[in-house]
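Q: Residue numbers (mature numbering (1 follows the signal peptide of the UniProt record, and there is no 0)): -26 to -1, 1 to 343. Have a look at this one before I ask anything.
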């Protein structure tokens, strides 16, 4: 799939491009102060390395950066310069990769340097292998650390391999998610189950752990710890999501699409898989979207709000930034309605957003492959 390969290449290039651009903001001089031993910066045709001199960290004398001689060409070639991916907010025509990369870059800029945190209650099925527990815990710690100011150590996480174990331990703790009259939390007990409530997240990997299983840790399953923990962030910011008849109800395309987006973002961030693979499966390759249905109608689980909601999330974050994106939940709570909260956070009316999305969806590769 050439389009996906292009996205993966762009993702790999994004960080170096940001670093190169950052180094050009301030001139570096030999002997001036630096902050991290071994870090490098290019300035004035020289590459400087941060070294320790006595008790200080300073830039060394630098070495000349070789300049490649241009090859002879029959036609003029553009001058070499860092390629910048740009995205015009609320554009209707653009390269999908530009929108996606802009959203990912805005998310990283907001989160900054994340300090992982295990400040949550963790109940783990003894049948979970050490290797699976390690990577799942890494995702949980990173996501919890990213939103430690929001979650404040209140979340309880349950990690199971069977529905029976999960039901037993949750009942014993006085916790539950899903139908309170159900035999099992969050499902009918026939397949994997992942869900979240206020201050609680549950992952049951019954398909992976059943005898003679042919299931694997694909990018979708890899994303579930961060996906479910992001739901607890939504609830912490906006409170319990109310029913569809309530004016403060936040539609499923946004609730699930944003969790989808963030789950794949963390998968990419921690090196377990790529965002491009996750997006490809959920958005581009999803045949459910071959028939064009307006985004506003994706407000239930039967309509598959995940992939199209993920694309809408990218469009929003690329246009307004991640902080304002989170403000949609904050302001929905403070303003009392989703329409008012959305408008205050996004800077445009909800109806205008829906119109802009429909005008732009052809550029998002939704169900296009």
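Note that CB positions come from ideal geometry on N, CA and C, so glycine has one too. None of the values given here were measured: they were computed from a predicted structure.
Flag this pair as touching only if the region 305 to 314 and the region 247 to 267 have three or more C-beta atom pairs under 8 Å; answer yes or no.
A: Cβ pair count under 8 Å is below three, so no.
Q: Three or more beta-carbon pairs under 8 Å between the region 76 to 93 and the region 172 to 180, yes or no?
A: Verdict: no, contact absent.
Q: Can you grab the Cα-Cα spacing for the pair residue 142 / residue 163, in whole Å?
A: The straight-line gap from Cα to Cα measures roughly 13 Å.
Q: At what residues does the beta strand (DSSP E) containing residue 112 begin and finish?
A: Note, residue 112: premise wrong, no beta strand (DSSP E); alpha helix (DSSP H) at 104 to 120.
Q: Leaving aside the five residues before and after residue 80 along the sequence, list all residues of the same chain whose C-beta is less than 6 Å from its C-beta, in chain order.
A: Taken in chain order, the residues that qualify are 291, 295, 296.
Q: Apart from the five residues on each side of it in sequence, which residues of its chain come closer than 7 Å, Cβ to Cβ, to residue 34?
A: These residues qualify, in order along the chain: 4, 22, 23, 25.
Q: Per DSSP, what kind of secondary structure is residue 184 in: helix, strand or coil?
A: Residue 184 falls in the coil class under three-state DSSP.
Q: If you draw a straight line from the alpha carbon of residue 132 to that of residue 158, how long is it in whole angstroms?
A: Residue 132 and residue 158: Cα-Cα distance of roughly 13 Å.
Q: Measuring straight from C-alpha to C-alpha, what distance separates residue 226 and residue 275?
A: Each residue's Cα considered, the two are about 7 Å apart.
Q: When burial is assigned at 16 or more other CB atoms within 10 Å of the CB, is residue 153 buried or exposed?
A: Looking at its Cβ environment, which holds fewer than 16 other Cβ atoms inside 10 Å, residue 153 is exposed.
Q: Would you mind reading off the limits of the beta strand (DSSP E) that contains residue 131?
A: Unbroken beta strand (DSSP E) run through residue 131: 130 to 134.
Q: Here's the rule: buried if 16 or more other CB atoms are within 10 angstroms of the residue's CB, otherwise exposed. What is residue 266?
A: With fewer than 16 Cβ atoms within 10 Å of its Cβ, residue 266 is classed as exposed.
Q: Using a threshold of 8 Å, state whether the C-beta atoms of residue 217 and residue 223 are closer than that.
A: Contact flag set, yes.
Q: Taking DSSP as the reference, what is the three-state secondary structure of residue 59?
A: Looking at residue 59 - three-state DSSP - the assignment turns out to be coil, as it is neither helix nor strand.
Q: Which residues does DSSP list as the beta-bridge partners of residue 176?
A: DSSP output for residue 176 lists 132, 169 as bridge partner(s).
Q: DSSP on residue 322, reduced to helix/strand/coil?
A: If DSSP states are grouped into helix, strand and coil, residue 322 belongs with coil.
Q: Do residue 196 and residue 121 have their C-beta atoms within less than 8 Å of each other?
A: Going by C-beta atoms, residue 196 is not nearer than 8 Å to residue 121.
Q: Using the Cα positions of residue 185 and residue 136, report the straight-line distance between them to the nearest angstrom.
A: Straight-line Cα distance between these residues: approximately 11 Å.
Q: Which partner residues of residue 26 appear in the DSSP bridge assignment?
A: Answer is 31, bridged to residue 26.
Q: Which residues does DSSP list as the beta-bridge partners of residue 98?
A: DSSP output for residue 98 lists 133 as bridge partner(s).
Q: Short of 6 Å in beta carbon distance, which residues of its chain neighbour residue 161, apart from the five on each side in sequence? Order them along the chain.
A: Excluding sequence neighbours, residue 161 sits near 167.
Q: Would you grab the beta carbon distance between residue 301 and residue 319 for me? Rounded to a whole angstrom, and I think it's under 8 Å.
A: The Cβ separation is near 4 Å, so the contact holds.
Q: Check whether the region 103 to 120 touches the region 200 to 210, counting contact only when three or more Cβ pairs, one atom from each stretch, lie closer than 8 Å.
A: In short, these stretches touch, since the Cβ pair count reaches three.
Q: Can you give me the C-alpha to C-alpha distance between residue 238 and residue 77, rounded to a whole angstrom?
A: Rounded to the nearest angstrom, the two C-alpha atoms are 12 Å apart.
Q: Classify residue 280 as helix, strand or coil using the three-state DSSP reduction.
A: Helix at residue 280.
Q: Kindly identify the DSSP beta-bridge partner or partners of residue 364.
A: For the chain, the structure presents residues -26 to 343; residue 364 sits outside this window and is missing.
Q: Taking the alpha-carbon positions, what's the residue 254 to residue 219 distance?
A: Residue 254 and residue 219: Cα-Cα distance of roughly 33 Å.
Q: Helix, strand or coil for residue 272? Go by DSSP, reduced to three states.
A: Correct three-state label for residue 272: coil.
Q: For residue 293 and residue 64, which I take to be in contact (beta-carbon distance under 8 Å), what is that distance rounded to the nearest angstrom?
A: Confirmed, about 5 Å.
Q: Rounded to the nearest angstrom, what separates residue 321 and residue 250 at their Cα positions?
A: Approximately 29 Å, taken between the alpha carbons.
Q: Use the C-beta contact count for residue 147: other C-beta atoms within 10 angstroms, 16 or more gives buried, fewer gives exposed.
A: Per the 10 Å Cβ criterion, exposed.
Q: Starting from residue 203, trace the alpha helix (DSSP H) both ways and give me its first and last residue.
A: 193 to 212 is the extent of the alpha helix (DSSP H) around residue 203.
Q: DSSP on residue 236, reduced to helix/strand/coil?
A: Residue state, collapsed to three classes: helix.
Q: Given this structure, state the Cα-to-Cα distance separating residue 118 from residue 304, to the nearest angstrom.
A: The alpha-carbon atoms of residue 118 and residue 304 are separated by roughly 18 Å.
Q: Where residue 198 and residue 329 are concerned, what is the direct C-alpha to C-alpha distance, given to the nearest angstrom?
A: Cα to Cα, the separation comes out at about 31 Å.
Q: Assign residue 145 to one of three DSSP states: helix, strand, or coil.
A: In this structure, residue 145 counts as helix in the three-state DSSP scheme.
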